[in-house]
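Numbered according to full-length UniProt numbering, the sequence shown spans residues 1 to 228.
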Amino acid sequence: MLNVLVADDDDNIRGIIDHYLKKQKYNVVEAENGRDALDLALEKQFDMVILDILMPEMDGYDVCREIRKVSNVPIIMLTASGDELDRVLGLELGADDYIIKPFSPRELVARIKAILRRVEPSSNENVKEQSYTYDYGEFKIDVDRREVIYKGEKVTLRPKEFDLLVQLAKTPGNVYTRETLLEHVWGYDFLGDIRIVDAHVKKIRNKFKTTGCDVLRTVWGVGYKFEV
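Quick look at the structure:
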């Protein structure tokens, strides 16, 4: 049975989510504020975390940021704002998806299932197809070990960051559109925002920033390419 943490200060919303998730045979744990949500996330093992952004004591952004320091558990953010900056901030902090209130509980269930399919190691066919190392001199990607090495130093990436980098590194110089990257890395059934590609590229670049390495290039109006 999959364990899901649902954090929202609105009792009605928690109740609706709880009802629909339990129909899917998920075990649901509820939190009514950000502090309780973080404590639960750090104490227990969850397969999915659903976080409202505006919560008392600690907002969803801060909870997401703290969880990401210790865990790669999938996170879906709930927001009452349709503002693009709010959505992008959540993605940059490490959220896997977001849903704007009011939302359809069935859509939420569909997104949860889609994310859980993608995080299963056995379901990632794009990575399984490649069982070797991309060697570009000082820059190496070991697909089997899921490691990135630059000048002998390991650069730690989250699962989707690694998968995105591998997809681009397969054909250096080739330009990939955001739509193509979304389909290959997140899957055709991904229901979230295409801007998640931009957010992950930014996170990869930030992790390489201290090394002076810049292998991801933006092709304005088109997408991204890998270039050593």
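Even for Gly, the Cβ is constructed at its ideal location relative to N, Cα and C. Predicted model, so just to flag it, every value in this text is computed and none were measured.
To the nearest angstrom, how far is it from the Cα of residue i to the Cα of residue j?
| i | j | result |
| --- | --- | --- |
| A31 | K207 | 32 Å |
| A169 | W220 | 19 Å |
| K69 | L93 | 10 Å |
| N126 | E179 | For N126, the predicted model reports a pLDDT of 42, less than 50, meaning its position is unreliable; a value from the coordinates is still stated below. Computed Cα separation, rounded: 16 Å. |
| D11 | Y134 | 50 Å |
| L157 | I204 | 7 Å |
| H184 | N27 | 31 Å |
| I81 | I53 | According to the sequence displayed, residue 81 carries Ser and not Ile. Answer to the nearest angstrom: the Cα atoms are 9 Å apart. |
| L78 | G15 | 15 Å |
| D101 | E107 | Asp is not the amino acid found at residue 101; the sequence shown has Lys there. Whole-angstrom Cα-Cα distance: 12 Å. |
| V4 | G137 | 43 Å |
| A110 | Y176 | 27 Å |
| D59 | N33 | 8 Å |
| D36 | N174 | 46 Å |
| S123 | L165 | Only weak support exists for where S123 lies, its pLDDT of 38 falling under 50; the coordinates are left without a value. |
| D163 | I149 | 15 Å |
| D151 | F139 | The residue asked about is misnamed: residue 151 is Lys in this sequence, not Asp. Roughly 7 Å between the two C-alpha positions. |
| I17 | E161 | 29 Å |
| M48 | M1 | 12 Å |
| R117 | F46 | 15 Å |
| I141 | L38 | 33 Å |
| S104 | R146 | 36 Å |
| I99 | I112 | 11 Å |
| C213 | I50 | 34 Å |
Tell me, to the nearest whole angstrom, how far the beta carbon of residue i is from that of residue j; I am working on the premise that it is less than 8 Å.
| i | j | result |
| --- | --- | --- |
| A95 | C64 | 6 Å |
| residue 271 | D97 | A query on residue 271 cannot be resolved here, the shown segment of the chain reaching from 1 to 228 and no further. |
| Y61 | L40 | Not a contact, Cβ separation roughly 17 Å. |
Does DSSP put residue i in a helix, in a strand, or in coil?
| i | result |
| --- | --- |
| N95 | According to the sequence shown, residue 95 is Ala rather than Asn. Note: A95 maps to coil in three-state DSSP. |
| E227 | coil |
| T171 | coil |
| V29 | strand |
| A80 | coil |
| T210 | coil |
| L5 | strand |
| I204 | helix |
| I115 | helix |
| I194 | coil |
| V222 | coil |
Just curious, the beta strand (DSSP E) that residue i is in, first and last residue?
| i | result |
| --- | --- |
| D142 | 139 to 142 |
| V70 | Neither: V70 is in no beta strand (DSSP E) and is coded neither H nor E. |
| Y150 | 147 to 150 |
| V155 | 153 to 155 |
| I50 | 48 to 52 |
| T133 | 133 to 136 |
| R217 | 216 to 219 |
So the alpha helix (DSSP H) residue i belongs to, where does it begin and stop?
| i | result |
| --- | --- |
| G34 | 34 to 43 |
| L182 | Careful: L182 lies outside any alpha helix (DSSP H) and carries neither H nor E. |
| I13 | 11 to 23 |
Please classify residue i as buried or exposed, where buried requires at least 16 other C-beta atoms within 10 Å of its C-beta.
| i | result |
| --- | --- |
| T211 | exposed |
| H19 | exposed |
| A199 | buried |
| Q24 | exposed |
| A7 | buried |
| P74 | buried |
| I194 | exposed |
| E43 | exposed |
| V228 | exposed |
| V222 | exposed |
| L85 | exposed |
Determine, for residue i, whether the minimum Cβ-Cβ distance to residues of chain E falls below 8 Å.
| i | result |
| --- | --- |
| A169 | Annotation note: the requested chain E is absent from the structure, which comprises a single protein chain. |
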